[in-house]
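Novice:
There are 2 protein chains.
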Amino acid sequence: MRQERVEPLSKAISGDFNYLAPAEEQRQAFGNMVFATEKMLLARMMRAIGNPPVQIVLWNGQKISNHDENTVARIFIHDRGALLKLVTDPELYFGELYSAQRIEVQGDLLDFLEAVYRVWPLATQDKIGKKLLAPFYDVRRNTLPGARRNIHHHYDIGNDFYKLWLDERMVYTCAYFPNPDTNLEDAQIAKLDHVCRKLRLQPGEKVVEAGCGWGALALHMAKHYGVTVAAYNISSEQVAFARQRAHTEGLDGQIEFIEDDYRNVRGEFDAFVSIGMLEHVGTDHYRELGAVIDRCLKDNGRGLIHSIGLNYPRPMDAWTERHIFPGACPPSLAQMMQIFEPFDFSVLDVENLRLHYARTLEHWLQRYENNIGRVTEMFDAKFVRAWRLYLAGSLTAFKNGGMQLFQVTFARADHNQIPWTRQYLYEPQRTPPGERHGNL
Amino acid sequence: MRQERVEPLSKAISGDFNYLAPAEEQRQAFGNMVFATEKMLLARMMRAIGNPPVQIVLWNGQKISNHDENTVARIFIHDRGALLKLVTDPELYFGELYSAQRIEVQGDLLDFLEAVYRVWPLATQDKIGKKLLAPFYDVRRNTLPGARRNIHHHYDIGNDFYKLWLDERMVYTCAYFPNPDTNLEDAQIAKLDHVCRKLRLQPGEKVVEAGCGWGALALHMAKHYGVTVAAYNISSEQVAFARQRAHTEGLDGQIEFIEDDYRNVRGEFDAFVSIGMLEHVGTDHYRELGAVIDRCLKDNGRGLIHSIGLNYPRPMDAWTERHIFPGACPPSLAQMMQIFEPFDFSVLDVENLRLHYARTLEHWLQRYENNIGRVTEMFDAKFVRAWRLYLAGSLTAFKNGGMQLFQVTFARADHNQIPWTRQYLYEPQRTPPGERHGNL
């Protein structure tokens, strides 16, 4: 992919540090003694995470690094408490301390995250600190009320905030860039079309959408593919917004936005689609989701699930799960199969769009930084920094293969009205959007 | 797909049956008493397999059917022993008894198999008789010597036999039909190209092929993509044939055919490919296969595994496993992931070519029937019937969704030189085969 770097972040951050002379150090015997232990813990942690090429600067100005040359960033640890938390569980506490400005990064945040990502052994990423903190690591469970709380935490923080950095249609999932330099607005439209074409929607068909966000896909399907849509979502802010849009666009006769859980889907449909909801379902509930699909999909129905995924099962990183996406747990492909296998669904196609999500996140992060003044007016400094880290960290994970994006297309086992090849997905659409209704 | 029916089979089969008059029955009191029990067992079996619309004719001419009208076939059971075996385990013994001509089918064999397939409850297919016969159901294990025995059983029965009904290149795996009416020769070339393009082979690269059959893919890769190939196979007849072909085509400098197990692959390669071997590996050995790939694939390497698969894990049907493919066990997608997940491989693309295998089998079965005279000269009647049933049964399973064909493309997690979209697979190749070398 084209390496379009976002603007360096936090270049300006630098404290006012007094570097202590060796003579001074001797006068602080007690402080230095503690410091020796702390340095040892820090060195141990650095080894455990693979010795990333960074320089650490402590609150007294002392610099620590195994890489005197070629460090990608300086990490300032501003107080002893921050250091002690960090060494206990860097995966969880780096984000917390960074958000609270008790740790700061001097240099390009993305370069820093990428450097850490490259060397951090995966086994350690999964284990470090987990044993100590196991009791606190329970992912917040996605029971019916639990799911509502979890979704509210992330999606109900204000539509105006998301408007600042999403595309104009407010699509908060991986876009599809026909070319790497397609702009974000077009790439989101291309994604909506890619999904609709994989589902082979026909005018007059009934579609159920589980987890419909701000309604962009439902609106697109109704407007350009002539289908009726039952769109479920448990985020009340999103549903209110989506209903308003459908009304404005005169599509409220074709789309019903239902503020309810996917488990309560009722009716029979020609297509089931879910874009970016599975991450919040929890692997424990996959069989339940499969049963919902089995119940509501007609014999000749088609389905598509689009979700962040992993190369192998592991929990979401602790900080993101705790502070950004409570209850979230992206699946491996084998885990995803727990939705399909018990019900004899045939997986027809899996497409991994990992680099498309990296590109999407580059756009989002760029827009976020471009609107940082507005974000700062809306939220406190901690929030601003946490979301910067979340966007930059996600971008790094997609770019480095730590996260995947799977689009899985499926149908019932004995359904033979399936495309002979995938060629049709790559042929130009015969009519432009807006004139397509009825021509497909 | 287009429903091109192969010619009806076994139309001519009909015995010389004397239908007994009711008065006659009374004179056979002892026979009828036994018969009542047998009828009960038969009725029970028919219920268990979903009451397919067939008429059964017993050795004394008595007809049994729940469907007086619209039966698709007549099944003749020629002796009491055959009936008793059949009711114990229809999945295993139907094939055995059919091959031995102790059971015969009057009507179109494919229509009969399809009718049975449609009504036979999947749960029963997996369980019926299995408990009773569990000790005998152990799949022949694919240890190093076990795998050799298993492969020898199927692939070393004579190249001349396979030549009768495969395409001219001797490709004994699912073809890829750009259109349903592409002929078999072209569809096999299209498959070889589809695989090479998914692997993005570049001239001068080194490819390892695990399970190379009669060498068609190795020859194609070397000739048209300019790569060198190390091709492994444990079927000695196939290896001898493949070496001869490479020599004839002047490609022996580019291809090494190695008569050895995939577990003994050594060296480093730009691409790993395996077409139709995984079915014989056994799920117990998937992690071992993953370790082989992990060991031999370069950092920027690409991989492709093409295999028959299932919508959910279950053993191969007992008759096929015992008499046709000892040790074979097609995986579900979740099971296949056991190859990739432990080694952090990224699955980039999964394509399900189920209907292409049905179409391939239609061609094979047609050619088999067209050459039935030659087959009869080579083998005994039992073999001829067993292979007819195997080809027809496989065709039915692919057509009805009982079996899948998965092509899985993968790479290492942090390998970003991956195609931006799959568009390139569906663009016309710029140069025809034979002139392509060096231009890709």
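Residue numbers (this note's numbering), protein chains in the order written: chain A, 5 to 444; chain B, 5 to 444.
Positions of the beta carbon are idealized from the N, C-alpha and C atoms, including for glycine.
#1: Is the Cβ-Cβ distance between residue 114 of chain B and residue 396 of chain B less than 9 angstroms?
#2: Can you name the residues that DSSP bridges to residue 354 of chain A?
#3: Can you check whether the C-beta of residue 355 of chain B is within less than 9 angstroms of a C-beta belonging to chain A?
#4: Work out the CA separation of residue 56 of chain B and residue 123 of chain B for me, nearest whole Å.
#5: With residue 146 of chain A and residue 289 of chain A assumed to form a contact (beta carbons below 8 angstroms), what rounded beta-carbon distance in angstroms separates them?
#6: Can you list, in chain order, the residues of its chain whose CB lies under 7 angstroms from that of residue 117 of chain A, leaving out five sequence neighbours each side?
#7: Just to confirm the assignment, what range does the alpha helix (DSSP H) spanning residue 158 of chain A have?
#8: Might you give, ordered along the chain, the residues of its own chain that have their beta carbon closer than 7 angstroms to the beta carbon of residue 300 of chain A, omitting 5 neighbours on each side?
#9: Report the neighbours of residue 359 of chain B on chain A: residues whose CB is nearer than 8 angstroms to its CB, in chain order.
#10: Which residues does DSSP pair with residue 307 of chain B in a beta bridge?
#11: Report the residue ranges of all beta strand (DSSP E) runs contained in full by the stretch 176-238 of chain A; include only those spanning at least 3 residues, in chain order.
#12: How close, in whole Å, do the beta carbons of residue 246 of chain B and residue 235 of chain B come, if the pair is a contact with beta carbons under 8 angstroms?
#13: Pull out every residue of the stretch 171-196 of chain B whose Cβ sits closer than 9 angstroms to any Cβ of chain A, in chain order.
#14: Can you grab the Cα-Cα spacing for the pair residue 313 of chain A / residue 419 of chain B, in whole Å?
#15: Quick one, are the C-beta atoms of residue 188 of chain A and residue 227 of chain A less than 9 angstroms apart?
#16: Which residues in the same chain as residue 361 of chain B place their Cβ atom closer than 6 angstroms to its Cβ, once the five residues preceding and following it in sequence are excluded?
#17: Between which residues of its own chain and residue 152 of chain B is the CB-CB distance below 6 angstroms, once the five residues before and five after are set aside?
#18: Note down the Cα distance separating residue 389 of chain B from residue 103 of chain B, rounded to an integer number of angstroms.
#19: Measure from the alpha carbon of residue 281 of chain A to the alpha carbon of each residue in A:309, A:260, A:259, then state which is nearest.
#20: Regarding residue 172 of chain A and the ligand GTP, is the C-beta to nearest heavy atom distance less than 8 angstroms?
#21: Are the C-beta atoms of residue 431 of chain A and some chain B residue less than 9 angstroms apart?
#22: Could you check the C-alpha separation between residue 158 of chain A and residue 47 of chain A for me, to the nearest Å?
#23: Would you identify the three-state DSSP class for residue 377 of chain A, choosing helix, strand or coil?
#24: Just mark residue 205 of chain B as buried or exposed, buried being the case when its beta carbon has 16 or more other beta carbons within 10 Å.
#25: So that I know if they touch, is there some Cβ in chain B lying closer than 9 angstroms to that of residue 403 of chain A?
#26: Are the CB atoms of residue 350 of chain A and residue 415 of chain A nearer to each other than 9 angstroms?
#27: Residues of chain A with a CB under 9 angstroms from the CB of residue 427 of chain B: which are they?
#28: Tell me the DSSP bridge mates of residue 313 of chain A?
#29: In chain A, which residues lie with their C-beta within 7 angstroms of the C-beta of residue 351 of chain B?
#30: Please name the residue, chosen from A:302, A:262, A:348, that lies closest to residue 240 of chain A on a Cα-to-Cα basis.
#31: Rounded to the nearest angstrom, what separates residue 252 of chain B and residue 230 of chain B at their Cα positions?
#32: Output, in chain order, the set of chain A residues within a Cβ distance shorter than 8 angstroms of residue 346 of chain B.
#33: Distance cutoff 9 angstroms, beta carbons only. Does residue 9 of chain A sit that close to anything in chain B?
#34: By how many angstroms is the C-alpha of residue 292 of chain A removed from the C-alpha of residue 339 of chain B?
#35: Indicate whether residue 344 of chain B and residue 294 of chain B have their beta-carbon atoms separated by less than 9 angstroms.
#36: Tell me the rounded alpha-carbon separation between residue 45 of chain B and residue 69 of chain B.
Specialist: Judging by the given coordinates:
#1: yes
#2: A:412, B:354
#3: yes
#4: 6 angstroms
#5: 6 angstroms
#6: 396, 397, 400
#7: 148-159
#8: 212, 269, 271, 272, 273, 276
#9: 420, 422, 424
#10: B:276, B:414
#11: 210-214, 232-237
#12: 7 angstroms
#13: 180, 181, 182, 183, 184
#14: 17 angstroms
#15: no
#16: 178, 402, 409
#17: 238
#18: 5 angstroms
#19: A:309
#20: Looking for the ligand GTP in the displayed structure turns up nothing, as the structure carries no ligands at all.
#21: yes
#22: 35 angstroms
#23: helix
#24: buried
#25: yes
#26: yes
#27: 182, 429, 430
#28: A:408
#29: 337, 354, 356
#30: A:262
#31: 17 angstroms
#32: 316
#33: Caution is warranted here: a pLDDT of 39 is assigned to residue 9 of chain A, below 50, making its placement in the model unreliable, and no coordinate value can be reported.
#34: 21 angstroms
#35: yes
#36: 14 angstroms
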